[in-house]
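Working notes, beginning with the structure itself.
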Amino acid sequence: MRNYWYVAADAAKLTTKPLARQILGEPLVLFRDATGKAAVLADRCPHRNVQLSGGCVVDGKLRCPYHGWEFNGEGACVHIPSLAGSDAIPSNAKAPTYPVVEQDGYVWVWVGEESPGDRQPFKLPHRNEPGWQNARMESVIPNAVDNCIENFIDCPHTGYVHGGLFRTPASHMARTQVRMVADGVVIDIDEENQADSLLAKLLVRKGDRVTHQDRFILPSIVQVAYGFGPDKAITGFQICTPEEEYVTRIYVYLTWKMGWLTGLMKPFMPHVGKVVLDQDMGVLVNQGQMIKRFGANFTSAPADTANLWIQAVRQRAAKGGEPGPEREKQVDFRL
Ligand code: FES
Ligand SMILES: [Fe+2]
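Take the sequence shown: its letters are residues 0 to 334, numbered as in numbering that gives the first Met the number 0.
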């Protein structure tokens with residue numbers, strides 16, 4: 000699934016030092032050029048193939064740690080310290096570059112063989128929007144991207160892995176409507192009883208409805224949206240970047256509108272997000288180890304329907320197939 004935009008870094012973390020990252024096994028080095036623009040090169044010096052990310056940035060140029068060759072944001076070598084006065088820089092002294100877009104506080108990179116053309120990175124909502132706040136977190140999970148996506152969108156684990164934070168183990172019915180759409184899968188979850196959720200207890204006024212919609216967006220973004228009555232909402236995005244087969248970097252973007260609580264929640268939300276992410280990390284690390292040793296050999300129940308559809312959408316997209324017709328299914332299970 001190379002022909003998509005992936006987040007390579009939180010833009011705030013790209014400062015004066017080069018940053019080593021990977022997308023789908025491709026080693027990348029990110030740095031800011033002389034104009035402050037994010038640049039992404041293959042992390043492999045064209046001279047003797049040492050990783051450029053081990054070097055430093057000098058006046059907006061990336062200096063290789065081995066012989067000090069320097070590269071600009073276009074990947075061109077602009078300085079070779081060992082050259083005698085009249086010798087020219089070899090014309091092939093160039094590191095491959097990748098398309099990059101800085102958007103919504105993230106550095107998005109394209110490692111696909113096709114050109115991105117007019118395709119844009121996914122747009123994150125409610126940044127700098129009055130009445131809304133946001134927070135972000137980042138984590139590296141030693142498991143395959145498919146298993147991470149599944150975990151983030153999966154409801155039946157929440158009562159077990161996240162204990163009383165969301166809900167208690169299987170206590171009530173949930174009716175879900177699963178829809179396959181052009182860019183992914185949408186799941187509307189209607190829970191019989193939201194009263195055992197700690198969040199709901201804190202946030203819902205009597206008579207207000209709690210709404211819950213999950214969404215998978217190609218290639219690997221999970222959106223979890225809760226509404227609490229007409230004017231309060233929390234939406235979390237887990238933007239997954241497959242670094243290697245069993246390494247996935249997760250960028251979490253949380254955004255919320257909670258009336259007078261909105262600003263007060265700002266310092267706490269990263270901690271809440273981290274607690275949840277660390278709980279998921281426990282099972283995901285273990286699952287990754289087991290799959291590495293014994294392969295994936297899954298058995299599914301009806302509550303896994305959405306995830307099976309997500310797998311189908313991803314597999315079709317990986318083969319470059321066009322999105323299929325919309326389909327929809329009602330799935331009931333206990334939560
Ligand atoms: S390997 Fe990079 S300058 Fe020699
Ligand atoms: Fe979870």
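C-beta atoms are modelled at their ideal positions from N, C-alpha and C, and glycine is treated no differently.
- Checking the 7 angstroms criterion, the Cβ of H211 is out of range of every heavy atom belonging to ligand 2.
- Short of 7 angstroms from the beta carbon of L123, and not among the five residues preceding or following it, lie these beta carbons of its own chain, in chain order: D103, F236, Y252.
- At least one heavy atom of ligand 2 falls within 7 angstroms of the beta-carbon of V160.
- Close CB contacts of V284 within its chain, under the 8 angstroms cut and outside five residues either way in sequence, are with I140, P141, N142 (chain order).
- Neighbourhood of ligand 1, defined by CB distance below 5 angstroms to any of its heavy atoms: C44, H46, R47, V49, C63, Y65, H66, W68, in chain order.
- The three-state secondary structure of F30, taken from DSSP, is strand.
- For A224, same chain residues with a beta-carbon under 6 angstroms away, outside a window of 5 residues either side, are Q212, T234 in chain order.
- Runs of the beta strand (DSSP E) lying entirely within the segment 179 to 249, each at least 3 residues long, are 183 to 190, 209 to 216, 220 to 227, 232 to 243 in chain order.
- As the crow flies, the alpha-carbon of V275 is around 31 angstroms from that of R315.
- Per DSSP, A317 is one residue of the alpha helix (DSSP H) stretching across 304 to 317.
- Contact between V282 and V160 is confirmed by a C-beta separation of about 6 angstroms, below the 8 angstroms threshold.
- Judged by pairs of C-beta atoms under 8 angstroms, the segment 1 to 8 touches the segment 94 to 113, as three or more such pairs exist.
- Within 10 angstroms of the beta-carbon of M268 lie 16 or more other beta-carbons, which makes it buried.
- Under DSSP, the beta-bridge partners assigned to D331 are R174.
- Sequence-distant partners of H78 (beyond 5 residues in either direction) whose C-beta falls short of 6 angstroms from its own C-beta, in its chain, are E69.
- In summary, D279 is buried, with 16 or more beta-carbon neighbours lying within 10 Å of its beta-carbon over all protein chains present.
- Counting along the chain, E112 sits inside no beta strand (DSSP E), nor does DSSP assign it H or E at all.
- With a threshold of 7 angstroms, the Cβ atom of H270 does not count as near ligand 2, since no heavy atom of the ligand is closer than that.
- Less than 8 angstroms separates the beta-carbon of T261 from that of Q132.
- In this structure G206 is exposed. Its beta-carbon is surrounded by fewer than 16 other beta-carbon atoms within 10 angstroms.
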